[in-house]
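For reference, the structure discussed in these notes is given below.
Protein chains: 2
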Amino acid sequence: MAVREKMFSTIASIFKRHGAVTIDTPVFELTEILAGKYGEDSKLIYDLAYQGGEQCSLRYDLTVPFARFLAMNGKEYQNIKRYHIAKVYRRDQPSMSKGRLREFYQCDFDIAGTYDPMIPDAEVLRILCETLDALDIKKYTIKLNHRKILDGIFELCGVPADSIRSISSAVDKLDKLPWSDVKKEMTDEKGLAAEVADKIGEYVQLKGNHLLLDRLYDDMKLVNNGKASEGLQDMKLLLDYLDVFGIRDKISFDLSLARGLDYYTGIIYEAITEEATDGVGSIAAGGRYDNLVGMFSGTNKKGKPSLQIPCVGVSIGVERVFSILMARQQATKSKATEVYVMSVGGSLLKDRMRIARELWDAGINASFMFKNKAKLDKQFTACEKDQIPLAVIIGEDELNQNVVKIKDMRQKDEAQGGGITVERNSMIRELKARL
Amino acid sequence: MAVREKMFSTIASIFKRHGAVTIDTPVFELTEILAGKYGEDSKLIYDLAYQGGEQCSLRYDLTVPFARFLAMNGKEYQNIKRYHIAKVYRRDQPSMSKGRLREFYQCDFDIAGTYDPMIPDAEVLRILCETLDALDIKKYTIKLNHRKILDGIFELCGVPADSIRSISSAVDKLDKLPWSDVKKEMTDEKGLAAEVADKIGEYVQLKGNHLLLDRLYDDMKLVNNGKASEGLQDMKLLLDYLDVFGIRDKISFDLSLARGLDYYTGIIYEAITEEATDGVGSIAAGGRYDNLVGMFSGTNKKGKPSLQIPCVGVSIGVERVFSILMARQQATKSKATEVYVMSVGGSLLKDRMRIARELWDAGINASFMFKNKAKLDKQFTACEKDQIPLAVIIGEDELNQNVVKIKDMRQKDEAQGGGITVERNSMIRELKARL
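This is how it looks when you write it as structure tokens:
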């Protein structure tokens, strides 16, 4: 929990640096809000028992509840940078080794609102880089693509409109499978003509940087496709902004990235690292989703959504990051205790309590042994076990002379000869000087 | 959320000062774990739908999950100070005006383990006082009583053993009802003989300080009752320790305090304040519960619990405290943004982005308007709306001269004449000096 809390506070501080606020949504939503948002994975949603009232389900992610919130409160929150670090629930087969749990944290940052193109998108990517840097994740790459470029490619290669999402999800497997397997899925399983698949193959195996963009701009078939052209313009502007933000070297423009979720409408991205405990792994992902809020806003007279708020966001895979941080971690100090109050000989319980009280009053984190007759060696063991840096030691002599002994537990015994003796009324000052 | 987060971090810092760690338990438990722990209120438990696997329910409080956790992991965690700030769920009729929600935060601190008597109990009460002081709650009193004293009183007054808990819960209403009504409940509803009720009445209307304890010690009938005598000894020791911890003036020994929950076995307490938004109200409560962990530990060959870990704890009523803090609050600054980057004339978008990047690199919280053509007055309005203290302003002139203007938004315009001009390479230093 100490590692986890530090990770969360590091992430939150970056989000706040960029002017974000946090919003908390309930752990359960109306079942109908979640229905039809997660494709096949909808079967993993936990429902609450019907006990009268509304039918509710536990949230599956934080994005759909956020979009629902915006649709309900959009007038007030049309422009917002919000983050949310909270648990989500999936009725999956749990596997400790794969880090797959039924209850786990998600950590989302999103920018909602209508702005000039690609500016918020660039800031989200900048925030992702700042976050991974602050978490000290080494060797990461952000794969970047655009749904409109992909859809344009599918269109001009001759993929039927109603097969586009399904072909797209086959493409998304190129990070794990060779092209031959992906082609086989397209043709054998999904009935695509082999020559169409081959044309797709020429595009989706391309990856690179702005030079790839230049190359695509030379492809007049692509440039003349309306969707692809919009995507290329976005990408050109974005790469330009990423340059200004100093993060273009982190980005790989990768035409094989397709992302599973249906609701993306613009750029999509995924951060991968070689440092993941289970090999190269995804540690963050996101994209632009301009139509999700409209799905919850109701419709106007013309049958259009009555409120449409474009959004772009990223979800940090905090459970995976947590595994990386834990693997790195040496023995963690879980307690914040700064001073352990001990006595030598006799009980002196109330005297230890009196000193602890003084320390608490001064805002110092202090503990003592909950025993009348506390043995010195046991007190030392307790102090060492919790890696408490300082000890205050009293005995009859110290009490009579109105002094205390201070021992720095971080130093070897010889260096300080059993501690220094200070006046009782300078105890707080002496302790603070050593903390 | 800003007020809420500040409240939580204040509370957590006090808990950490006393050597506590936090433990996170799942939001749902096996239904059987929760069954029979909450008396009549068990009907308020949310169950999950049965979708195969185990039958689960949402947690109703944080104490039962903690006790279940200790029973499962007790060997490793037999001595622990733990806190947990998290949401609990009750299928109650929600009422915004009464602050009664179906999902709300609880904030628990508990000390588990076998120690010398009343030392952890005293520290829990000290922590409660430190917390309420840190939250700046004024005029609070901690009502204190002991289950064994109460049960001894019931015994010697002649209450049948199987009526003790039900008579006890009638006594607990003395904070809201006059004695005559409580007596009526005992006799008319619960079938107690009038003379037995009258005897109880002589005791449970007593409240005071150590002088009340002295008075009870003079009552030989009470002193000769085994249970009551144990309770009196505990109380004597506790008041002594509370004196050492400097909080005895906050305590009112109150024989009418009985507390609803069945699982308390020793001291019980409740903090009330006159500052509550709905009149005098309870803002924290707790007590000692020595047998709860044993209910989850399984039994040994002799039919006794195989693991018994005594506990004492307190739950801070954070939703109520939150209402008090909100009622006090003036306009809250929800964002942490420190600098707003603006431009005069033309677009200069990339120049604003470049400066924002420099500020982020320096760890400064900065924002700018997501527009190519940003009007100066709109930028000023955005800056003022979020109460951002500093503005960096650039125009063509500033860019040509490699300078920026810094304007302190907290000062009246006249005082600074539209801001000061500084060299671009001293911008960060100048900003930090003003933050």
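So the protein lines, in turn, are chains A and B.
Residue numbers for the first sequence, in this note's numbering: 100 to 534.
Residue numbers for the second sequence, in this note's numbering: 100 to 534.
Here a beta-carbon is modelled for each residue, glycine too, at the ideal position from N, C-alpha and C.
These numbers were taken from a predicted model, which means no experiment stands behind them.
Pick from B:Asp313, B:Gly393, B:Val343 and B:Gly173 that is closest to Met217 of chain B, judged by C-alpha positions: Stepping through the second sequence from its first residue, residue 217 of chain B is reached at position 118. Minimum Cα distance to Met217 of chain B is reached at B:Val343.
Residues that DSSP places opposite Ala353 of chain A in a beta bridge: Within the first sequence, numbered from 1, the residue matching residue 353 of chain A stands at position 254. The identity of residue 353 of chain A in the sequence shown is Asp, whereas the question assumes Ala. According to DSSP, which records beta bridges pairwise, Asp353 of chain A is partnered with A:Lys306.
Among A:Leu534, A:Ala296 and A:Val503, nearest to Val523 of chain A - alpha-carbon criterion: The sequence position of residue 523 of chain A within the first sequence is 424, counting from 1. Inspection of the sequence shows that residue 523 of chain A is occupied by Arg rather than by Val. Of the listed residues, the one whose Cα sits closest to Arg523 of chain A is A:Val503.
Exposure of Ser267 of chain B, with buried meaning 16 or more beta-carbon neighbours within 10 Å: For the purposes of this step, residue 267 of chain B is taken as residue 168 along the second sequence, with counting starting at 1. Under this definition Ser267 of chain B is a buried residue.
Thr230 of chain A - containing alpha helix (DSSP H), residue span: Within the first sequence, numbered from 1, the residue matching residue 230 of chain A stands at position 131. Run containing Thr230 of chain A: Ile218 to Ala233, per the alpha helix (DSSP H) assignment.
Cutoff 8 Å: Gly385 of chain A Cβ touching any chain B Cβ: Locating residue 385 of chain A in the first sequence gives position 286, counting from the first residue. Not closer than 8 Å to any Cβ of chain B, the Cβ of Gly385 of chain A fails to qualify, so no.
Outcome for Leu129 of chain A when other beta-carbon atoms lying within 10 angstroms are tallied against a minimum of 16: Reading the first sequence from its first residue, position 30 is the one you call residue 129 of chain A. With fewer than 16 Cβ atoms within 10 Å of its Cβ, Leu129 of chain A is classed as exposed.
Cutoff 8 Å: Ala211 of chain A Cβ touching any chain B Cβ: On the first sequence, residue 211 of chain A is found 112 positions in, with the first residue counted as 1. No, Ala211 of chain A does not count as interfacial toward chain B.
Residues that Ala84 of chain A contacts on chain B, provided the C-beta gap is smaller than 7 Å: In the structure as shown, chain A begins at 100 and stops at 534. Residue 84 of chain A is therefore absent and cannot be evaluated.
Inter-residue CB distance, Ile493 of chain A and Leu448 of chain A (contact presumed, cutoff 8 Å): Taking the first residue of the first sequence as 1, we reach residue 493 of chain A at position 394. Taking the first residue of the first sequence as 1, we reach residue 448 of chain A at position 349. Incorrect: roughly 11 Å between the Cβ atoms, too far for contact.
Asn501 of chain A classed as buried or exposed, judged by whether at least 16 other C-beta atoms fall within 10 angstroms: Locating residue 501 of chain A in the first sequence gives position 402, where the first residue counts as 1. Residue burial is scored here from C-beta neighbours: Asn501 of chain A has fewer than 16 other C-beta atoms within 10 angstroms and is therefore classed as exposed.
Extent of the continuous alpha helix (DSSP H) to which Lys539 of chain A belongs: Because chain A is modelled from 100 through 534, residue 539 of chain A falls outside the range shown and cannot be assessed.
Expected contact under 8 Å - CB spacing of Val546 of chain B and Val411 of chain B to nearest Å: Since the first and last residues shown for chain B are 100 and 534, residue 546 of chain B lies out of range.
Which residues DSSP lists as bridging Lys186 of chain B, in chain order: Taking the first residue of the second sequence as 1, we reach residue 186 of chain B at position 87. B:Tyr204.
Closest by C-alpha distance to Asp348 of chain A, when choosing among A:Pro219, A:Ile241 and A:Ile505: For the purposes of this step, residue 348 of chain A is taken as the residue at position 249 of the first sequence. Nearest C-alpha to Asp348 of chain A: A:Ile241.
Residue interval of the beta strand (DSSP E) (run including Val438 of chain A): Here residue 438 of chain A refers to the residue found at position 339 when the first sequence is read from its first residue. Val438 of chain A -> beta strand (DSSP E) spans Val438 to Ser442.
Beta strand (DSSP E) segment containing Leu53 of chain B, residue limits: The question about residue 53 of chain B has no answer here: the residues shown for chain B are numbered 100 through 534.
Distance, Met526 of chain B Cα to Gly385 of chain B Cα: Counting from one through the second sequence, the residue named residue 385 of chain B turns up at place 286. Counting from one through the second sequence, the residue named residue 526 of chain B turns up at place 427. Gly385 of chain B and Met526 of chain B: Cα-Cα distance of roughly 54 Å.
CA-to-CA distance, Val413 of chain B to Pro404 of chain B, given in whole angstroms: The count along the second sequence starts at 1 and reaches residue 404 of chain B at position 305. The count along the second sequence starts at 1 and reaches residue 413 of chain B at position 314. Going from the Cα of Pro404 of chain B to the Cα of Val413 of chain B covers about 24 Å.
Whole-angstrom distance between Ile132 of chain B and Arg167 of chain B, CA atom to CA atom: Along the second sequence, read from residue 1 onward, the residue named residue 167 of chain B stands at position 68. Along the second sequence, read from residue 1 onward, the residue named residue 132 of chain B stands at position 33. Using only the alpha carbons, I get a separation of about 8 Å.
Distance, Ala170 of chain A Cα to Ile144 of chain A Cα: For the purposes of this step, residue 144 of chain A is identified with residue 45 of the first sequence, where counting begins at 1. For the purposes of this step, residue 170 of chain A is identified with residue 71 of the first sequence, where counting begins at 1. Approximately 22 Å, taken between the alpha carbons.
Val413 of chain B, enclosing beta strand (DSSP E) - first and last residue: Position 314 of the second sequence, counted from the first residue, corresponds to residue 413 of chain B. Taken as a continuous stretch (DSSP letters only), the beta strand (DSSP E) holding Val413 of chain B covers Cys410 to Ile415.
Within chain B, the residues that Gln407 of chain A reaches when beta carbons sit closer than 8 Å: By 1-based counting over the first sequence, the position of residue 407 of chain A is 308. Those do not exist, as Gln407 of chain A stays about 17 Å from chain B at its closest Cβ, beyond 8 Å.
Contacts that Asn464 of chain A makes with chain B (C-beta to C-beta distance below 8 Å): Position 365 of the first sequence holds residue 464 of chain A. Residues of chain B passing the Cβ test: Lys115, Arg116, His117 and Gly118.
CA-to-CA distance, Ala293 of chain B to Lys282 of chain B, given in whole angstroms: Counted from its first residue, the second sequence places residue 282 of chain B at position 183. Counted from its first residue, the second sequence places residue 293 of chain B at position 194. The straight-line gap from Cα to Cα measures roughly 8 Å.
For Leu243 of chain A: DSSP bridge partner residues: Counting from 1 along the first sequence, the entry for residue 243 of chain A is found at position 144. Its beta-bridge partners are A:Phe352 and A:Tyr368.
Same chain, Cβ closer than 6 Å to Ala327 of chain A, five either side skipped, listed in chain order: Along the first sequence, one-based indexing puts residue 327 of chain A at 228. So the qualifying residues of the chain are Ile248, Gly251 and Leu321.
Nearest neighbour of Phe208 of chain A, chosen from A:Ser279, A:Val120, A:Ile263 and A:Arg190 [CA to CA]: By one-based count along the first sequence, residue 208 of chain A stands at place 109. Residue A:Val120 is the option with its Cα nearest to Phe208 of chain A.
Cβ contact (3+ pairs, closer than 8 Å) linking the segment 352-369 of chain B and the segment 229-243 of chain B: yes
For Ile226 of chain A and Ile423 of chain A, the rounded distance between their alpha carbons: On the first sequence, residue 423 of chain A is found 324 positions in, with the first residue counted as 1. On the first sequence, residue 226 of chain A is found 127 positions in, with the first residue counted as 1. Cα-Cα distance, rounded: 20 Å.
Own chain partners of Gln154 of chain A with C-beta closer than 6 Å, once the 5 adjacent residues on each side are dropped: Here residue 154 of chain A refers to the residue found at position 55 of the first sequence. Contacts found: Thr130.
Residues bridged to Asp507 of chain A (per DSSP): On the first sequence, residue 507 of chain A is found 408 positions in, with the first residue counted as 1. Asp507 of chain A pairs with A:Leu489.
Check whether Ile179 of chain B and Gly212 of chain B have beta carbons under 8 Å apart: In the second sequence, counting from the first residue as 1, residue 179 of chain B sits at position 80. In the second sequence, counting from the first residue as 1, residue 212 of chain B sits at position 113. In contact: Ile179 of chain B and Gly212 of chain B (Cβ atoms closer than 8 Å).
CB contact check: Ile218 of chain A to chain B, cutoff 8 Å: Numbered from 1 along the first sequence, position 119 holds the residue referred to as residue 218 of chain A. Yes, its Cβ sits closer than 8 Å to a Cβ of chain B.
Partners in chain A for Asp123 of chain B, counting only beta-carbon separations shorter than 7 Å: Taking the first residue of the second sequence as 1, we reach residue 123 of chain B at position 24. By Cβ distance, chain A contributes Met100.
Lys180 of chain A in three-state terms, based on DSSP: As a first step, residue 180 of chain A is located in the first sequence; it is residue number 81 there, counting from the start. DSSP places Lys180 of chain A in strand when its eight states are reduced to three.
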